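Visitor: Mind having a look at this structure? Questions to follow.
Residue numbers (our numbering): 977 to 1464.
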């Protein structure tokens, strides 16, 4: 292992020890993850709701309370409930203890002739001779009978203490109609459901933030092992209600009249940078790949080819993704193109027969309609090498769309025939560690690694504000500092 390899391993180890940076947080993708996982939030809220309801029904034992209010007075005193207040208040305090005594409770059980599962309680209203008596039991009947029997038999206990005390009924006892220990369970269930949903949402947000993917351009610059060639903004595929309902697969090309200026100019600027790079290094064959599927590498390859052809360059686009070819779908050429790359590799067609030319876009293409078994053998075949050698002499540039590196070894085999490689990285898609491992594979193949294309990038609604796409001139955001232009 030479010095440069050791330095690269050291840098990789440092990057694998991830540091948390606020400028790598994407509010947009947090919201997307919350929407995608809304069912988890709803399920957590429902689980808390029904969990609390089940626990309540399992643990809850209803209790019924019969209640009466009495006034304590001295015998022979007819002057009113509040006369001799000090004496009657003292009597009420003693009688309150009488009503809560075990002696009276045993007397009630004896008279009713049944075992009671309840309790008596009494409360003296402060600064009055009034006393509230309560009997609590598991059913309304028992609570009512306990209280009536207590009022009937209290004198057998109280006469030992106050023989001159008498109770006057202020409010008669009645049979309770509803439990006295009812909880506000609906409110608890609502709070529990909100808490469960909030907890699930917090976990989703945490996983969204900690997912080690490229969410912002700052994250790409800090964590990816290579140059950022350009950032392709997200572009809507469907603009009408009819297109949304049908959900027909549709690719976006810069040659279409409906694309936005931001999208088209991003590709033209990217193509210019790549062309300058290839001119400086004397390169012609560009290989475009990605780590995972659905990162948009085929669309990126097609649009780079179109952008170069717009400039009058003679460009050949080869669909070298023999696992899942897509260029016939992108250019809507599935029905019009009959002779494919496989026909040439099989020896059934000549090189010139598989070459297609579009006068409108001025782009040369070689298509493949269906996937091929053992695609690596065909990619690495002598026929493929001869094809690239032939068109190297006839074309200004050859762009080869290949299979994802994490999906097959086709891209690595094709690198032996190419001059430079470009890696497409979709926003918040592949793990950064897997991307950097792919860069290592490119470096080991000795091919020139041009850099990364950040694809399908939404406006970065981060904690530092909206850093969306703005135009100055041909679509670049320019900030002048001290008279010099700094391109963002």
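Just so it is clear, CB atoms sit at the ideal spot from N, CA and C, and this is done for glycine as well. Model, not experiment: these values are computed from the prediction.
1) For residue 1196, tell me which candidate among 1025, 999, 1322, 1101 has the shortest Cα-Cα distance.
2) Count the other CB atoms, across all protein chains shown, that sit within 10 Å of the CB of residue 1015; report buried if there are 16 or more and exposed otherwise.
3) Is there a Cβ of chain C sitting closer than 8 Å to that of residue 1086, yes or no?
4) Under a three-way DSSP split, which group does residue 1453 fall into?
5) Does the segment 1175 to 1187 come close enough to the segment 1419 to 1426 that 3 or more CB-CB pairs lie under 8 Å?
6) According to DSSP, is residue 1318 helix, strand or coil?
7) Under 6 Å Cβ to Cβ from residue 1157, same chain only, skipping five residues before and after it: list those, please.
8) Determine the burial state of residue 996: buried for a count of at least 16 other Cβ atoms within 10 Å of its Cβ, exposed for fewer.
9) When DSSP labels each residue in this structure, what does residue 1243 get in the three-state scheme?
10) Specify whether the segment 1401 to 1421 and the segment 1012 to 1030 touch according to this definition: at least 3 beta carbon pairs, one from each stretch, less than 8 Å apart.
11) Using three-state DSSP, classify residue 1371 as helix, strand or coil.
12) Can you grab the Cα-Cα spacing for the pair residue 1104 / residue 1094, in whole Å?
13) Can you give the Cα-Cα distance for residue 1233 and residue 1169, rounded to whole angstroms?
14) To which residues does DSSP link residue 955 through a beta bridge?
15) Quick check on this structure: which residue in 1396, 1408, 1293 has the alpha carbon closest to the alpha carbon of residue 1253?
16) Measuring only the C-alpha atoms, how far is residue 1201 from residue 1429?
17) Can you grab the Cα-Cα spacing for the pair residue 1143 / residue 1129, in whole Å?
18) For residue 1208, tell me which candidate among 1199, 1193, 1179 has the shortest Cα-Cα distance.
19) Taking the straight line between their C-alpha atoms, what separation do you get for residue 1328 and residue 1433?
20) Taking C-alpha atoms, which residue in 1255, 1349, 1338, 1382 lies nearest to residue 1322?
21) Would DSSP call residue 1056 helix, strand or coil?
22) Report the three-state DSSP secondary structure of residue 1193 (helix, strand or coil).
23) Which first and last residues belong to the beta strand (DSSP E) in which residue 1110 is found?
24) If I'm right that residue 1121 touches residue 1075 with Cβ under 8 Å, what's the distance once you round it to whole angstroms?
25) Does DSSP put residue 1158 in a helix, in a strand, or in coil?
26) So what does DSSP say about residue 1143, is it helix, strand or coil?
27) State the start and end residues of the unbroken beta strand (DSSP E) segment that holds residue 1351.
28) What would DSSP say about residue 1123, mapped onto helix, strand or coil?
29) Taking just the CA atoms, how far does residue 1231 sit from residue 1308?
30) Can you tell me which of the three DSSP states residue 1402 falls into?
31) Look at residue 1298 and residue 1281 and say whether their C-beta atoms are less than 8 Å apart.
32) Which residue or residues does DSSP assign as beta-bridge partners of residue 1095?
33) Is the beta carbon of residue 1382 less than 8 Å from the beta carbon of residue 1267?
34) Nearest by alpha-carbon distance to residue 1243: which of 1146, 1275, 1270, 1283 is it?
35) Is residue 1302 near residue 1337, with beta carbons less than 8 Å apart?
Guide: Reading from the atomic positions:
1) For this step, residue 1196 is matched to residue 220 along the chain shown. Among 1025, 999, 1322, 1101, the Cα nearest to that of residue 1196 is on 999.
2) For this step, residue 1015 is matched to residue 39 along the chain shown. With fewer than 16 Cβ atoms within 10 Å of its Cβ, residue 1015 is classed as exposed.
3) Absent here is chain C; the protein component of the structure consists of one chain.
4) In the chain shown, residue 1453 corresponds to position 477, counting from 1. Per-residue confidence for residue 1453 stands at a pLDDT of 36, beneath the threshold of 50, marking its modelled position as unreliable; no derived number is given.
5) no
6) Along the chain shown, read from residue 1 onward, the residue named residue 1318 stands at position 342. In this structure, residue 1318 counts as helix in the three-state DSSP scheme.
7) As a first step, residue 1157 must be located in the chain shown, where it is residue number 181. Cβ within range, chain order: 1039.
8) Your numbering for residue 996 matches position 20 in the chain shown. It counts as exposed.
9) The sequence position of residue 1243 within the chain shown is 267, counting from 1. The answer is helix: DSSP assigns residue 1243 an H, G or I state.
10) no
11) Position 395 of the chain shown holds residue 1371. Three-state result, residue 1371: coil.
12) Here residue 1104 corresponds to residue number 128 of the chain shown, with the count starting at 1. Here residue 1094 corresponds to residue number 118 of the chain shown, with the count starting at 1. Cα to Cα, the separation comes out at about 28 Å.
13) Taking the chain shown and counting its residues from 1, one reaches residue 1233 at position 257. Taking the chain shown and counting its residues from 1, one reaches residue 1169 at position 193. Between residue 1233 and residue 1169, the C-alpha separation is close to 49 Å.
14) Lying before the first or after the last residue shown, residue 955 is absent from the chain, which here runs from 977 to 1464.
15) Counting from 1 along the chain shown, the entry for residue 1253 is found at position 277. Of 1396, 1408, 1293, the residue nearest in Cα terms is 1396.
16) Within the chain shown, residue 1201 is the residue found at index 225, counting from 1. Within the chain shown, residue 1429 is the residue found at index 453, counting from 1. Their backbone Cα atoms lie some 13 Å apart in a straight line.
17) Walking along the chain shown from the start, residue 1143 turns up at place 167. Walking along the chain shown from the start, residue 1129 turns up at place 153. One C-alpha to the other measures close to 12 Å.
18) Translated into the one-based positions of the chain shown, residue 1208 becomes position 232. Comparing Cα positions, the closest option is 1193.
19) The count along the chain shown starts at 1 and reaches residue 1328 at position 352. The count along the chain shown starts at 1 and reaches residue 1433 at position 457. Straight-line Cα distance between these residues: approximately 38 Å.
20) The count along the chain shown starts at 1 and reaches residue 1322 at position 346. For the residues 1255, 1349, 1338, 1382, the minimum Cα distance to residue 1322 belongs to 1349.
21) Your numbering for residue 1056 matches position 80 in the chain shown. For residue 1056, the predicted model reports a pLDDT of 47, less than 50, meaning its position is unreliable; a value from the coordinates is still stated below. It is coil, neither helix nor strand.
22) As a first step, residue 1193 must be located in the chain shown, where it is residue number 217. Helix at residue 1193.
23) Numbered from 1 along the chain shown, position 134 holds the residue referred to as residue 1110. Here the beta strand (DSSP E) through residue 1110 covers 1106 to 1113.
24) The count along the chain shown starts at 1 and reaches residue 1121 at position 145. The count along the chain shown starts at 1 and reaches residue 1075 at position 99. In fact, because the Cβ distance is near 15 Å, the residues do not count as touching under 8 Å.
25) Here the question's residue 1158 lines up with position 182 in the chain shown. It is coil, neither helix nor strand.
26) Translated into the one-based positions of the chain shown, residue 1143 becomes position 167. Strand, per DSSP.
27) Locating residue 1351 in the chain shown gives position 375, where the first residue counts as 1. Counting along the chain, residue 1351 falls outside any beta strand (DSSP E), though it belongs to the alpha helix (DSSP H) covering 1351 to 1355.
28) Looking up residue 1123 in the chain shown gives position 147. Helix at residue 1123.
29) Translated into the one-based positions of the chain shown, residue 1308 becomes position 332. Translated into the one-based positions of the chain shown, residue 1231 becomes position 255. Roughly 13 Å separates the two Cα atoms.
30) Position 426 of the chain shown holds residue 1402. Correct three-state label for residue 1402: strand.
31) Start at 1 with the first residue of the chain shown, and residue 1298 comes out as number 322. Start at 1 with the first residue of the chain shown, and residue 1281 comes out as number 305. Taking 8 Å as the Cβ cut-off, residue 1298 and residue 1281 do not qualify as a contacting pair.
32) Locating residue 1095 in the chain shown gives position 119, where the first residue counts as 1. The partner list for residue 1095 (beta bridge, DSSP) reads 1112.
33) Residue 1382 sits at position 406 when you count from the first residue of the chain shown. Residue 1267 sits at position 291 when you count from the first residue of the chain shown. Contact flag set, yes.
34) One-based indexing of the chain shown puts residue 1243 at position 267. Closest option to residue 1243, Cα to Cα, is 1283.
35) Here residue 1302 refers to the residue found at position 326 of the chain shown. Here residue 1337 refers to the residue found at position 361 of the chain shown. Taking 8 Å as the Cβ cut-off, residue 1302 and residue 1337 do not qualify as a contacting pair.
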